[in-house]
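Notes follow the structure.
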Amino acid sequence: MSDQKNPQLIAICAGKVKPILIRREHGDKELHQVASGIHKSAISTLGSPAPIGCGTLGLADDEQADLSVHGGVDKAIYCYPIEHYDFWKTAYPWLADQEHCFGVVGENLCTQGLNESCLWIGDLLEIGQELVLRVTKPREPCYKFNAKMRSNVAAKLMMQNGLSGWYAAVIREGKLKAGDDIRVKAGPRDITVAQEYERLLRD
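Per the numbering used here: the sequence shown = residues 1 to 203.
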């Protein structure tokens, strides 16, 4: 009998739209204020597993500013493996003092046991007893991610190291909480999230 555990939801993060200071282009010396929903914080953790509702357009109490980047039906939820946090803690020592990095890259769901190479575009993720998501695409980081990470190379590091995470559409609405198992149901299995990310970078 196998003792292999299902992937697990470790934390749920949400945030409100608020101003963020950015440089629009490399070498831009002037700071510009734009609206962003990239700042997320944990609202359900293993220590406090509050149930959170999730509808077609995302989590309750979560906001997105630019729907071309994050939001809408096909990018309602942004998932990120906690296994990637060690990379960011090494790259940015100011993160090393944080016990948890939940929400650090703007993610909604912090997962354990899943990654871009094992998930395929179109796979279904059944979380808890109600919610069903469909993996839709990898994340392509923008200048707002650089601002969030206090670095002009953060987006480049994410791309070079394939640490994109993935967006998901909500197929069945419901509640979820930290600690829920995540069950993967195979989709068409034409291309993995990692392979799709490589294709996007080439194009």
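For every residue, glycine included, the Cβ atom is placed at its ideal position computed from N, Cα and C.
Same chain only: Cβ atoms within 6 Å of residue i, ignoring 5 sequence neighbours per side
i    : result
F102 : A11, C13, A42, C110
K5   : none
L119 : V135, V193
S44  : I12, A50, I52, K177, A178
G174 : E130, L131
Supposed contact pair residue j and residue i - C-beta distance, whole angstroms, cut 8 Å
i    : j   : result
K148 : I38 : 5 Å
I127 : L9  : 6 Å
K156 : I20 : Between I20 and K156 the Cβ distance is about 19 Å, and since that is not below 8 Å, they are no contact.
V184 : C54 : Not a contact, Cβ separation roughly 18 Å.
L114 : P7  : 5 Å
V34  : E63 : Actually they do not touch by this definition, with Cβ atoms about 14 Å apart.
Neighbourhood of residue i by C-beta distance below 8 Å, restricted to the same chain and skipping five residues each side
i    : result
E196 : I121, K137, P138
R199 : I191
G165 : Y78, C79, Y80, P81, H84, V105, E107, E116, P138, R139
I182 : N6, P7, Q8, L9, T111, G113, L114, L125, E126, I127
Option in the options with minimal Cα separation from residue i
i    : options                : result
H70  : I171, S151, K185, E140 : E140
L125 : A168, E30, T56         : A168
D74  : G179, P49, R23, R134   : R134
A186 : D123, P93, K89         : D123
F87  : D28, G15, C142, Q160   : Q160
G15  : S151, G58, E173, M158  : G58
A60  : K40, S48, D66          : K40
P93  : G72, R150, Q112        : R150
R172 : T56, I182, D66         : T56
R23  : N152, D203, I182       : N152
Residue i, buried or exposed, once every other Cβ within 10 Å from all chains shown has been counted against 16
i    : result
H32  : exposed
S68  : exposed
T201 : The sequence given here places Leu at residue 201; Thr does not occur at that position. Exposed.
S36  : buried
D180 : buried
K29  : exposed
A154 : buried
Nonlocal neighbours in the same chain, by C-beta distance under 7 Å from residue i, ignoring five residues either side
i    : result
S117 : T192, A194
G162 : E116, A194, Y197
A91  : L157
- Item | Segments of 3+ residues assigned as beta strand (DSSP E) that fall wholly inside the stretch 98–181 | Correct list: 109–112, 124–127, 131–138, 166–172, 174–176.
- Item | Length-filtered (3 minimum) beta strand (DSSP E) runs lying within the stretch 9–52 | Listed in chain order, they are 18–22, 32–36, 41–45.
- Please go through the stretch 61–101 and give each complete alpha helix (DSSP H) segment of 4 or more residues, from N-terminal end onward. For the stretch 61–101, whole alpha helix (DSSP H) runs of length 4 or above, ordered along the chain, are 85–91.
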